[in-house]
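Asks:
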Amino acid sequence: MRWTRTLIATLRDDPQEAEIVSHKLMVRAGLIRRLAGGLYTFMPLGLRALQKVSQIVREEMDRAGAQEILMPALQPAELWERSGRLATMGPGMFRLKDRAERLMALGPTHEEVVTQLIAGEINSYRQLPCTVYQIQTKFRDEIRPRFGLMRAKEFIMKDAYSFDTSLEAADVSYQAMYEAYVRIFNRCGLSARPVEADTGDIGGKWSHEFMVLADSGEDGIVDCPACGYAANQERAERAVAALADAACPPVAEVATPNARTIDDLVAHFQCGAERFIKTLVYLVDGKPVAALVPGNRDLNEHKFKRLLNAKKVELADEATILKVTGAPVGFAGPVGLAIPVYADQSLKGASDRTTGANRADTHIVHVDLARDATVTAFEDLVIVGADDTCPHCGKVMQLKRGIEVGHVFKLGTKYTESFEAKYLSDKGQSELMVMGCYGIGVTRTLQAIIEQSHDADGIIWPVSVAPFTVSLLLLDPKDPAVSAVVDTLEKALQARGIDVFVDDREERPGVKFKDADLIGCPIRVVAGAKGLAKGGVEVKLRTSKAFDLVPVEDAVTAISKLVEDLTAALNR
RNA sequence: CGGAGCGUAGCGCAGCCUGGUAGCGCGUCUGGUUCGGGACCAGAAGGUCGAGGGUUCAAUUCCCUCCGCUCCGACCA
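So the first sequence is numbered by our numbering: it starts at 15 and just counts up by one.
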């Protein structure tokens, strides 16, 4: 491809819309253009890179035995009613009506459609296991689209779904996908880390996310350097030492005017935040429930929701708090509360703590949780962070940030029940299929690659996903000898199956060098009158400063060798 | 959904406070000089100043409404 015949414009300045480096580079290098918030057009170079990522995903899915299909993006909302997700997924879904006033949705994901499909197609254990996948545009009405392709309203996702006869068989399918994901991200040149994850609205029992570590990532990851335990902060657990609190005097009320927050209390009582028990009143599917965490910790709402098997968990409003505790916000406590009370496991045996008194401007001291309050259960409720100890090995963990590029779930029978996806077993019994689902954000992966691989001058594409493998700079387009060399090289490289992008613009060399660095193809070949006079073309990797002067007749061989080396390094 | 900020040429921005019909850099086009890490000179094209309304002799500028975008937050008691 020739620059002068390609719709590409590089920008000198960072676009005003972009915040993180990968987003800036994608726009500056002319890979994407914004249509509206969360909506982007892929320009020729961006599309080529995207297609390379897609192709890697496709090859690895096929290798893992999955079959490619393509389901409609437009779906009847009735399907979502059937799974019960019209309510839970609700606001995140684009909805519309057709001319017959039927409620439709633009698919944010395809569990419903695929389960309905498979329920109709598969009736015998002989047809199982079965894994299907598609690479398709998804739609989500994000509250706040941001970071370019990272969180967009429309994005491309590879979603795969496995169907099996048993939990054990489903584990095999899950494992196959997990391994395919490791291969996919390796081939993309990405360092992606599997971590234990929360299942969210998708549901199911178990899941792993594949995370690209990056400071700009939207997820927190708790990581144990000692034993390798890693989990999304939404799910991460910690080891808790048993308390050995001594017995304490009976409870006593203390006036605490306007001391509503832990900070206020710390100032008032002049002691550490951990001496307080924070009482949070929540509405869990509409019913009030209290959660207790140490004053220096925060409640993990994901865990709380999972624990209570709830659809919706939200902090109670002021009126509810007044009704339930008899006090305004800021003075709730577990003593005498008539609603279910869940306490963090670290509070088991807690004694001589301070809590709200369920009375305005009052707290109580000397609270022994077992003695003075009724706790429904002690569970893991807090957000785990840096310096917490590993639940497996007890060593201190670290907190990192990551970009979620893939997610694998063991769904069990959640959807196959809703859609009665059953098969006849070898014993002639009708059984529910066991399901798994597996997503990769293809467009997000593309951007994550850039986030992880760039320098001050621009993108550094891994050879496997670069829009072009070789940037061939024609420095003197008006010099017939140089042009002839470029023509020859271009054809010879193409004949070897090596993508080459020729910068044939009438620009000064400096401009071409800058743009080549910005666009970031892994190999740069410079053909100029000066170089030819010295004996050849210059061949250089994007990652190195130095170049080799290679005689024209040896150039294709030399470049092929570099491509092989780069590819081998990725597949290592 | 709440808060803040922004919206002026393809891109990045100034002008607005203190009203008088718009400017800079980059990019684009023409000509010339240049030519190995984002050249220089001369000239040119390109703007309903986000939209609508109001105040005024006069609005990019002041006021109101709406739309769009960006950032922060979404009640942790």
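Idealized CB from N, CA, C, for every residue including glycine.
Since the model is a prediction, treat every value here as computed from it, not as a measurement.
Hey, would you say M496 sits closer than 9 Å to L546, going by beta carbons?
Replies: According to the sequence shown, residue 496 is Val rather than Met. Taking 9 Å as the Cβ cut-off, V496 and L546 qualify as a contacting pair.
Asks: Got a sec? Which residues, its chain only, sit under 7 Å from C202 by beta carbon, not counting five neighbours each side?
Replies: Here the set comprises V67, I70, T459, I463, P476, S478 and V479.
Asks: If we call anything under 9 Å between Cβ atoms a contact, is L306 one with L395?
Replies: Yes, they are a contact pair.
Asks: Output the distance between the C-alpha atoms of K548 and G542, rounded to the nearest integer angstrom.
Replies: Cα to Cα, the separation comes out at about 10 Å.
Asks: So, using beta-carbon positions, are G162 and I34 closer together than 9 Å?
Replies: Taking 9 Å as the Cβ cut-off, G162 and I34 qualify as a contacting pair.
Asks: Taking 7 Å as the limit between beta carbons, can you name the residues of its chain near P122, skipping five residues before and five after?
Replies: The residues are M103, G106, M107, K152, F153 and R154.
Asks: For the beta strand (DSSP E) containing N246, name the first residue and the last one.
Replies: Residues A244 to N246.
Asks: From this set, A324, D312, L297 and A50, which residue's C-alpha is nearest E332's C-alpha?
Replies: Checking every option, the nearest Cα to that of E332 belongs to L297.
Asks: For A166 and V41, I'd like the C-alpha separation in whole angstroms.
Replies: Those two C-alpha atoms are separated by around 15 Å.
Asks: Out of P308, A324, A261 and N310, which one is the CA nearest neighbour of P302?
Replies: Cα-wise, what sits closest to P302 is A324.
Asks: Pull the bridge partners of T55 from the DSSP assignment, please.
Replies: Beta-bridge pairing links T55 to R47.
Asks: Taking the alpha-carbon of F318 as reference, which of G214, K362, D402 and V226 has the nearest alpha-carbon?
Replies: Among G214, K362, D402 and V226, the Cα nearest to that of F318 belongs to G214.
Asks: So what's F433 in DSSP terms, helix, strand or just coil?
Replies: Here F433 sits in coil by DSSP.
Asks: Who are S221's beta bridge partners in DSSP?
Replies: Per DSSP, F423.
Asks: With burial defined as no fewer than 16 other Cβ atoms inside 10 Å of the residue's Cβ, what is the status of C404: buried or exposed?
Replies: The residue is buried, with at least 16 neighbouring Cβ atoms inside 10 Å.
Asks: Exposed or buried, N314, counting other C-beta atoms within 10 Å across all chains shown (16 or more means buried)?
Replies: Label assigned to N314: buried.
Asks: According to DSSP, is F527 part of a helix, a strand, or is it coil?
Replies: Reduced to three states, the DSSP call for F527 is helix.
Asks: Can you find at least 3 beta carbon pairs, one from the region 413–428 and one from the region 173–190, that sit closer than 8 Å?
Replies: The region 413–428 vs the region 173–190: in contact.
Asks: Less than 8 Å between the CB atoms is what I'm expecting for R365 and D382, so what's the real figure, rounded?
Replies: The sequence shown places Ser at residue 365, rather than the Arg named in the question. Yes, S365 and D382 are in contact; Cβ-Cβ is about 4 Å, under 8 Å.
Asks: Along the chain, where does the alpha helix (DSSP H) containing H37 start, and where does it finish?
Replies: Residues V35 to R42.
Asks: Residue ranges of each beta strand (DSSP E) run of no fewer than 3 residues wholly in the region 80–138, ordered along the chain?
Replies: Qualifying beta strand (DSSP E) stretches, in chain order: 88–90, 108–111 and 117–120.
Asks: In angstroms, rounded to a whole number, what distance separates the CA positions of A253 and K38?
Replies: Answer to the nearest angstrom: the Cα atoms are 41 Å apart.
Asks: Applying the criterion that 16 or more other CB atoms from any shown protein chain within 10 Å of the CB defines a buried residue, is C238 buried or exposed?
Replies: It counts as buried.
Asks: Should R249 be listed as close to the ligand MN, given that the test is whether its C-beta is under 8 Å from any heavy atom?
Replies: Summarising the ligand content, the structure contains no ligands, and the ligand MN is consequently not present.
Asks: Determine the DSSP secondary structure at P208, reduced to helix, strand or coil.
Replies: Reduced to three states, the DSSP call for P208 is strand.
Asks: Could you work out which residue in P143, L59 and Y54 is closest to E168 when comparing CA atoms only?
Replies: For the residues P143, L59 and Y54, the minimum Cα distance to E168 belongs to Y54.
Asks: Let me confirm a value: H377 is counted as buried when at least 16 other C-beta atoms fall within 10 Å, else exposed. Which label applies?
Replies: Buried, since its Cβ has 16 or more Cβ neighbours within 10 Å.
Asks: What are the start and end residues of each continuous beta strand (DSSP E) run of 3 or more residues lying completely inside the region 376–411, in chain order?
Replies: Fully enclosed beta strand (DSSP E) runs of 3 or longer: 376–381 and 391–393.
Asks: Kindly indicate which three-state DSSP category P308 falls into: helix, strand or coil?
Replies: Correct three-state label for P308: strand.
Asks: Write down the C-beta distance between Y147 and A80 rounded to the nearest angstrom, noting that I regard them as a contact closer than 8 Å.
Replies: At roughly 5 Å, the Cβ-Cβ gap stays under 8 Å, so Y147 and A80 are in contact.
Asks: Could you give the uninterrupted runs of the alpha helix (DSSP H) lying entirely in the region 422–498, keeping only those of 4 residues or more?
Replies: DSSP runs (the alpha helix (DSSP H)) wholly in the region 422–498: 428–432 and 456–466.
Asks: Can you give me the Cβ contacts of H468 inside the same chain, cut-off strictly under 8 Å, excluding the 5 residues immediately before and after it?
Replies: Result list for H468: V35, S36, L39, I474 and G534, in chain order.
Asks: Please classify S176 as buried or exposed, where buried requires at least 16 other C-beta atoms within 10 Å of its C-beta.
Replies: Buried, because 16 or more other Cβ atoms sit within 10 Å of the Cβ of S176.
Asks: Using the rule of at least 16 other Cβ atoms within 10 Å of the residue's Cβ for burial, across every protein chain shown, is P271 buried or exposed?
Replies: Under this definition P271 is an exposed residue.
Asks: Would you tell me roughly how many angstroms separate the C-alpha atoms of L322 and S221, rounded to the nearest one?
Replies: Roughly 19 Å between the two C-alpha positions.
Asks: Return the first residue and the last residue of the alpha helix (DSSP H) that S574 is part of.
Replies: From DSSP, the alpha helix (DSSP H) with S574 extends over V566 to N585.
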